[in-house]
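Data block below; observations after.
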Amino acid sequence: MKREMTEKVLGILELENKPMMHPGALSAPGTFGFPVKRLTVPGATTNSVVGSSSASVKEAYIACAKQLEGEGVSAIIANCGFSAPFQNDVAAAIKVPLALSSLLLVPLLARTLPAGKVVGILTYDSTKLEERHFAGAGWSTRDISVAVGGIEGSETWRELAEPNPVISPEVVTGDIVSAVESLMKANPAIGAIVLECAGFPLAANAVREATGLPVADYVSLGRLMIEMSPCL
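Here it is as structure tokens:
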């Protein structure tokens, strides 16, 4: 007798900062073609996660991941790439597939490139992205060549640190494309781009159009996680 399949659900662990809901944004309705269950992680904010990796915030991620697992999600992602240092501990606490950071995509993209090309990473704040974040995602700059740029100082950078960001998709896209163009001008060997921040996917197509390069982001990650997760 054929077993009836239950539709897969993606769990998203979110910062307390209200996520953008513009079309194409990670948490916006309609971004994914499958159900999404969102859960806010208490104490996790742009400033607390980007600025540090405190034990209390890590424990909150673990508790919320367990809650989402208990509610029946098929896979879990987060909405801040700087949560990468929590990956191993949170994954060890649950049984469903977990990918906290889009930085996990860097090794995959690196392997698709010809010799001499590097992966460009556009991050929320390049002054805060460190080797420990890469290590949390399972790789090192000793093994993978990357070029890192950020949007620090931009209107998008300022707004995403606010509890309730108020910013148009046009401004977000403009800031991101401008930052990518600056990054590529300084690093012409870039052959693919990873967008670290969960606020960036709404601009992914604009970046692809502006650069002609492959671009991976949190939406790419969410789709991959659901595609590979087992049927329930």
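Following this note's numbering, the numbering of the sequence shown begins with 5 at its first residue and continues without gaps. In this text, a Cβ means the ideal position worked out from N, Cα and C, and glycines have one as well. Since the structure is predicted, the reported quantities are computational estimates derived from the model, not experimental observations.
DSSP state of residue i mapped onto helix, strand, coil
i, result
"Glu134", "coil"
"Glu20", "coil"
"Val223", "helix"
"Leu117", "coil"
"Gly140", "helix"
"Leu228", "helix"
"Val40", "strand"
"Val13", "coil"
"Thr127", "strand"
Nonlocal neighbours in the same chain, by C-beta distance under 7 Å from residue i, ignoring five residues either side
i, result
"Trp143", "Val110 and Pro111"
"Gly226", "Leu14, Phe36 and Ile81"
"Ala210", "Thr177 and Val181"
"Asp93", "Lys62 and Ile66"
"Ala32", "Met25 and His26"
"Ala95", "Leu102"
Presumed contact (8 Å Cβ cut-off) between residue i and residue j, rounded CB distance
i, j, result
"Lys121", "Gly76", "Between Gly76 and Lys121 the Cβ distance is about 41 Å, and since that is not below 8 Å, they are no contact."
"Asn51", "Ala139", "Not really, about 22 Å apart at Cβ, beyond 8 Å."
"Ile171", "Val184", "No, Ile171 and Val184 are not in contact; Cβ-Cβ is about 18 Å, not under 8 Å."
"Ala64", "Ala48", "6 Å"
With 16 other Cβ atoms within 10 Å as the buried cut-off, status of residue i
i, result
"Cys201", "buried"
"Gly85", "buried"
"Met24", "buried"
"Gly124", "buried"
"Asp129", "buried"
"Glu11", "exposed"
"Phe90", "buried"
"Asp179", "buried"
"Asn168", "exposed"
"Met5", "With a pLDDT of only 38 at Met5, under the threshold of 50, the placement of this residue in the model should not be trusted; the figure read from the coordinates follows. Result: exposed."
Spatial neighbours of residue i in its chain, beta-carbon cut-off 6 Å, leaving aside the 5 residues before and after
i, result
"Met188", "Ile194"
"Trp161", "Ile155"
Residues near residue i in its chain [Cβ-Cβ closer than 8 Å; skip 5 each side]
i, result
"Ala220", "Ser106, Leu109, Leu112, Leu113, Ala196, Ile197, Val198 and Leu199"
"Ser233", "Lys12, Ser78, Ala79, Val100 and Pro101"
Please give me, in chain order, every unbroken run of the alpha helix (DSSP H) with length at least 4 that falls completely inside the stretch 42 to 112.
50 to 55, 59 to 74 and 91 to 97
At which residue ranges does the stretch 149 to 221 contain complete alpha helix (DSSP H) runs of 4 or more residues, listed in the order of the chain?
159 to 163, 173 to 190 and 208 to 215
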